[in-house]
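2 protein chains.
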Amino acid sequence: MKIDPKNPADLSAQIAKAIRDAIICGDLPVDERLPSEAELADQFEVSRPTVREALKRLAAQSLIRTQRGATGGAFVNRLKFEDAYGQQITTSTLLLSMNAISFATACEARYALERACAPLSATRRTADHLATMRAEAHRQSQPGLTDEAFCASDVAFHRALVDAAGNPVLSYQLAGAVEAMQPLMNMITFSARSREKIVALHSSIADALEAQDAQAADQHLAALAAYTQELAQGVIAERQAKRG
Amino acid sequence: MKIDPKNPADLSAQIAKAIRDAIICGDLPVDERLPSEAELADQFEVSRPTVREALKRLAAQSLIRTQRGATGGAFVNRLKFEDAYGQQITTSTLLLSMNAISFATACEARYALERACAPLSATRRTADHLATMRAEAHRQSQPGLTDEAFCASDVAFHRALVDAAGNPVLSYQLAGAVEAMQPLMNMITFSARSREKIVALHSSIADALEAQDAQAADQHLAALAAYTQELAQGVIAERQAKRG
DNA sequence: GCGCAATGATATGTCAGACGTTTAATTGTC
DNA sequence: GACAATTAAACGTCTGACATATCATTGCGC
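Here's what the structure looks like:
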């Protein structure tokens, strides 16, 4: 962990990597206190600002937390699912926007993952999950709802669907896929008729999960995926028409 | 973006957040050069080390890259899938190890996601993907292979399966789930007989994909998931027996 | 006029030393 | 013995400086 080649560039990156590796391989257990910045500076034979830059890199990944005061310092952080959600959503959002991922590709991935959850959700859904899904479906059916609010409710519905699978790893994996797509979804203008259809499909999905009918849930999800793609293609076609 | 409350703590975190938000919302397009550290220090009315700590936080998330020299500086980075893979694997690994996720939960998530890919892979798999899968299956059948090498080949096989879906978003999402599980998988000792069975299932999956038979691929994946769980439970039972 | 080397400018990377602030442990007093 | 004041440790920030990398310009020779 104290290895440092004589390359006098990117020292803070090297130090961050050394500490990160120590955390990942378990040499530094959770809640372990790292040496103070001054001690680290001595150990690595660099200055304190350099050590601090390294620590900030780790803090950005939620690998450590810092406390001020007499018994303060840098502590190995127990990574919470909550923290990981945020990072994943940020990363996914940027990936989608910067790599010019088509709506179709993102949408396909999202529904493929959701359909993977459906059988588990059908088995394990609680009354709470069902209530959330029905409440969101009801909200979506109300007139006067902005497109943005409709999308937000849509996200909430699908999160409940995923959470119903009762597998935190799946919830974590899907948080990025579902929430990162919200900006793309917001570009769609939902007509009254399309909303009606979506709400009907949402209700059908809730029904299927309540009946623990995995196959029906999968079919309705597939229909929803197809319809979403159809809507998106309409938006894309409309834009191209405006251009031409 | 130049907002900074008078709270004189966590200045570098606040600055990092301001710049990050500007990047995410598109105010700072890809490859845009940020002002120099000295200019940023002036704008935010802080010192250069504080600005530098903020920039290091962003660099840790691959949101910016820095170049030295006269025309150097910090540039908004086009986030590559490759970069995102690494971050996701690190995060997923830590989540699994620190939150005491059971093998069963992680395994369930992994196979659920893989089965989501299977129908797409059946449609889009190329000769290249099939060749990779067959090569890995063949490697796994060779005697004298260490458990670790067997696991590594297993990961390669499943990556090929996922990549065959031809959806980079799915590949990205699954990189974490599959690779983060490798340390857990490495704890399993694979007997000759269990390896034989796994290789047979791998071959069956490759056959199904070659025949573009999504249903068969799904069934074999389900069987593989069940068998993996069975093996893992054996390991767990054995450990508890040793304790008792 | 043109090519190439020396020079300068700019910006990041690093260092040294200092001060302020927060927090907990210690000490001193009633 | 309980409470208040002091002390110490550590992070957070600042100032100023030097080192290094890289590009643009300049100047020289041909």
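Protein chains in written order, with the numbering used here: chain A, 1 to 244; chain B, 245 to 488. Every residue gets a Cβ at the ideal spot worked out from N, C-alpha and C, and that includes glycine.
Give the secondary structure of residue i by DSSP, where H, G and I count as helix, E and B as strand, and everything else as coil.
| i | result |
| --- | --- |
| A318 (chain B) | strand |
| T105 (chain A) | helix |
| T66 (chain A) | strand |
| R277 (chain B) | strand |
| F325 (chain B) | helix |
| P143 (chain A) | coil |
| F434 (chain B) | coil |
| V290 (chain B) | coil |
| L28 (chain A) | coil |
| D218 (chain A) | helix |
| T126 (chain A) | coil |
| D457 (chain B) | coil |
| Q233 (chain A) | helix |
| D265 (chain B) | helix |
| D207 (chain A) | helix |
| M377 (chain B) | helix |
| M281 (chain A) | Here chain A covers residues 1 to 244 and nothing more, so residue 281 (chain A) does not appear. |
| G410 (chain B) | coil |
| Q258 (chain B) | helix |
| A404 (chain B) | helix |
| A344 (chain B) | coil |
| A9 (chain A) | coil |
| Q61 (chain A) | coil |
So, under 8 Å CB-CB, residue i and residue j are touching, yes? Tell me the CB distance rounded to an integer number of Å.
| i | j | result |
| --- | --- | --- |
| R264 (chain B) | L302 (chain B) | 6 Å |
| G176 (chain A) | Q88 (chain A) | 4 Å |
| V443 (chain B) | S365 (chain B) | Their Cβ separation, rounded to whole angstroms, is 19 Å, which puts V443 (chain B) and S365 (chain B) out of contact at 8 Å. |
| A208 (chain A) | A216 (chain A) | 4 Å |
| N167 (chain A) | T349 (chain B) | 6 Å |
| I449 (chain B) | L475 (chain B) | About 17 Å separates the two Cβ atoms, so there is no contact after all. |
| F319 (chain B) | E276 (chain B) | 7 Å |
| A112 (chain A) | A458 (chain B) | Rounded, the Cβ-Cβ distance is 12 Å, inconsistent with contact. |
| S62 (chain A) | A180 (chain A) | With 8 Å as the limit, S62 (chain A) and A180 (chain A) do not qualify as a contact, their Cβ atoms being about 19 Å apart. |
Whose Cβ in chain B lies nearer than 8 Å to the Cβ of residue i?
| i | result |
| --- | --- |
| N186 (chain A) | By Cβ distance, chain B contributes nothing, its closest Cβ being about 13 Å from N186 (chain A), past 8 Å. |
| T105 (chain A) | N411, P412, V413 |
| V30 (chain A) | M342 |
| I101 (chain A) | P412, V413 |
| R113 (chain A) | Reading the sequence as shown, one finds Leu at residue 113 (chain A) and not Arg. Those are L357, A360, L414, Q417, listed as they occur along chain B. |
| Q87 (chain A) | Q305, Q331, T335 |
| A177 (chain A) | V413, Q417 |
Anything in chain A within Cβ reach of residue i, meaning under 7 Å, just list it in chain order.
| i | result |
| --- | --- |
| P293 (chain B) | P49 |
| E352 (chain B) | N167 |
Just the chain B side, please: which residues come within less than 7 Å of residue i by C-beta, in chain order?
| i | result |
| --- | --- |
| R78 (chain A) | M342 |
Should residue i go down as buried or exposed, given a rule of 16 or more other Cβ atoms within 10 Å for buried?
| i | result |
| --- | --- |
| D398 (chain B) | buried |
| V413 (chain B) | buried |
| T382 (chain B) | Here the sequence assigns His to residue 382 (chain B), which means Thr is not the residue at that position. H382 (chain B) is exposed by the Cβ-count criterion. |
| C25 (chain A) | exposed |
| A165 (chain A) | buried |
| R159 (chain A) | buried |
| T390 (chain B) | exposed |
| M429 (chain B) | buried |
| D407 (chain B) | buried |
| E289 (chain B) | exposed |
| V422 (chain B) | buried |
| R369 (chain B) | buried |
| E358 (chain B) | buried |
Starting from residue i, find everything on chain A with Cβ-Cβ shorter than 8 Å and list it in chain order.
| i | result |
| --- | --- |
| E297 (chain B) | R52, E53, K56 |
| T334 (chain B) | R20, I24, Q61 |
| Q459 (chain B) | Correct list: empty, because the minimum Cβ distance to chain A is about 13 Å. |
| S256 (chain B) | K56 |
How would you list, in chain order, the residues of chain B whose beta-carbon sits under 9 Å from the beta-carbon of residue i?
| i | result |
| --- | --- |
| R93 (chain A) | Sequence inspection shows Thr at residue 93 (chain A); the Arg mentioned does not correspond to that position. The answer, in chain order, is I268. |
Mind pulling the chain A residues with CB within less than 9 Å of residue i?
| i | result |
| --- | --- |
| A328 (chain B) | T91, S92, L94, L95 |
| F325 (chain B) | L95, N99 |
- Identify each residue in the segment 360 to 372 of chain B for which the Cβ-Cβ distance to at least one residue of chain A is less than 9 Å, and report them in chain order. A360, C361, P363, L364
task: Could you list the residues in the segment 63 to 75 of chain A with a C-beta less than 9 Å from some C-beta on chain B, going in chain order?
output: Under the 9 Å Cβ criterion, the segment 63 to 75 of chain A contributes L63, R68.
Chain-ordered residues of the segment 424 to 449 of chain B with a beta carbon less than 7 Å from chain A: none
Check each residue of the segment 371 to 404 of chain B: if its Cβ is closer than 8 Å to any Cβ of chain A, include it; give the result in chain order.
none
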